[in-house]
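The structure appears right after this line, and notes come after that.
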Amino acid sequence: MDFLPVLPDHEALDCRLPAHQTVPVVVASPHSGSTYPAAFLEQAAVSLAALRRAEDAFVDELFAAAPSLGMPFLAARFPRSYVDANREPYELDPGMFEGPLPRPLNHRTTRVAAGLGMIPRVAASGEAIYRGRVPAETIEHRLETCWRPYHQTLSLLVENTYSSFGGALLIDAHSMPSSVSSLGSRDRDQRVDIVLGDNHGEACAPELVAAAERWFRARGLRVLRNQPYAGGFTTQRYGRPVLARHTLQIEINRALYMDEARHEKLPVAGVFARLITGLLEEMGQQARETLRPRPLAAE
C-alpha cells in the first residue's frame, strides 16, 4: 500500500510512514513525548525530573524500525504530564480548573480519581503538578493542539490500513516502572517483563495476543496478560475485532533497557531494540495470516 500525502505534518506528532506498507500493522507510542512547553514548565509546581518520570521514555526508539518493516509509526512529541493521549478527551477533574468548563466532564473514573485524566493533576510521584487552578480554556487548547491531531492521525492510519488489507492491527507501545511488579530488579526470576493488554479479550484476536506472548516467552521474558494493565482509551476505542480492527497494548518493564533513576538508556538498550524489531517482524507475519480477508459463506 502506498500512502497518499494526506497526513498532516504536525509539530505535536512524529509520524513516520513506510515507502510501501506491506503488512496490516500500525505502531503507536502515545507516551514517549519529551517536548515540554515553556509555559507549562512555568505553571508546574514540581521539577522537570519529576514530570519526566511519567514518560514512556525511549519507547519510540525501541519501536523505531516499524517503517522499515512496512508499518506506519506514530508517536506523540508532547509529554504525558501535559496531555495524556490514552484518555478520553473530557476525562478530567473539574476541581483542577478555574472558569466555565467547556462541557460536562467525565470525572467519575478511577483514572481521574487518581489524578491521571487527559490533563493529569499529579506527577508520577503523586505530587500536584500545578501550583494552583488551571484556566478552563486550557482544556480546549490542549485538545486542539495535541489530543485531536494525535487521534485524527492515528484513526487515519488505522483506516487506511483496513481499507488496503481488509483488517488492521494497532500495536500500542508503552513502558511500565519496574516497581509495578513490586519485586523490582532484585528478583529477576519473578519480575514481570511484559504485560499484554487486550481489554480482557475484547480488543484483539486471541491468535495475535498468543503469538506475541509466545514470542516474548521464547526469549526468556516473563509475560502477563491484562494485569495490571488491560489497556486504556486507545485499546477500547480502536480494538474492534468484530470490525476487523484489533489493538494490542504492550507494556515493557523499563528496567530491561533504562536506568530509571538517571533517566538514561542502559548499554543493552540497543540489544533490546533489536528484540522489539524481531517482535514486529513476527507480528507483521501473524497479522498478515490472521487478518487475511475470508470469503463470505454461501447463502
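Here the sequence shown is numbered in our numbering, starting from 148 and rising by one per residue.
Glycine is no exception: its CB is placed at the ideal position from the N, C-alpha and C atoms.
Considering only DSSP beta bridges, list what residue i is partnered with.
i, result
"ARG372", "LEU343"
"ASP161", "ALA222"
"SER322", "ILE399"
"ARG387", "ARG392"
"PRO282", "GLU245"
"MET405", "LYS412"
Taking the alpha-carbon of residue i as reference, which of the options has the nearest alpha-carbon?
i, options, result
"PHE225", "PRO241, ALA201 and ALA211", "ALA201"
"GLY386", "TYR309, GLN374 and GLU407", "TYR309"
"GLU360", "ILE399, SER325 and LEU303", "ILE399"
"THR182", "PRO324, ARG199 and LEU248", "ARG199"
"LEU368", "ASP340, ASN346 and ASP345", "ASP340"
"PRO214", "GLU428, GLU436 and ARG439", "GLU428"
Is residue j closer than 8 Å to residue i when the C-beta atoms are compared?
i, j, result
"ALA358", "MET430", "yes"
"ALA352", "PRO388", "yes"
"ALA204", "ALA275", "no"
"VAL230", "ARG268", "no"
"LEU317", "VAL173", "yes"
"THR437", "LEU355", "yes"
"ASP240", "GLY273", "no"
In chain order, what residues of the same chain lie with their CB nearer than 6 Å to the CB of residue i, ignoring the 5 residues before and after it?
i, result
"GLY217", "PRO165, GLN168, THR169 and VAL170"
"LEU209", "ALA420 and ILE423"
"PHE312", "PRO171"
Counting only the same chain and skipping the five closest in sequence on each side, list residues whose C-beta sits under 7 Å from that of residue i.
i, result
"LEU151", "In this prediction, LEU151 has a pLDDT of 43, which is less than 50 and means its spatial position is unreliable; nothing more can be read from the coordinates."
"LEU422", "ARG366"
"GLU238", "ASN253, THR256, ARG258, VAL259, GLY264 and MET265"
In angstroms with no decimal places, state the Cα-to-Cα distance between residue i and residue j.
i, j, result
"ASP161", "ILE397", "19 Å"
"PRO177", "TYR297", "8 Å"
"ARG338", "PRO282", "42 Å"
"ASP319", "SER179", "12 Å"
"SER228", "GLY279", "16 Å"
"GLN299", "GLU306", "11 Å"
Might you give, ordered along the chain, the residues of its own chain that have their beta carbon closer than 8 Å to the beta carbon of residue i, omitting 5 neighbours on each side?
i, result
"GLY378", "ASP319, GLY344, ASP345, ASN346, ALA350, GLY386, THR394 and GLN396"
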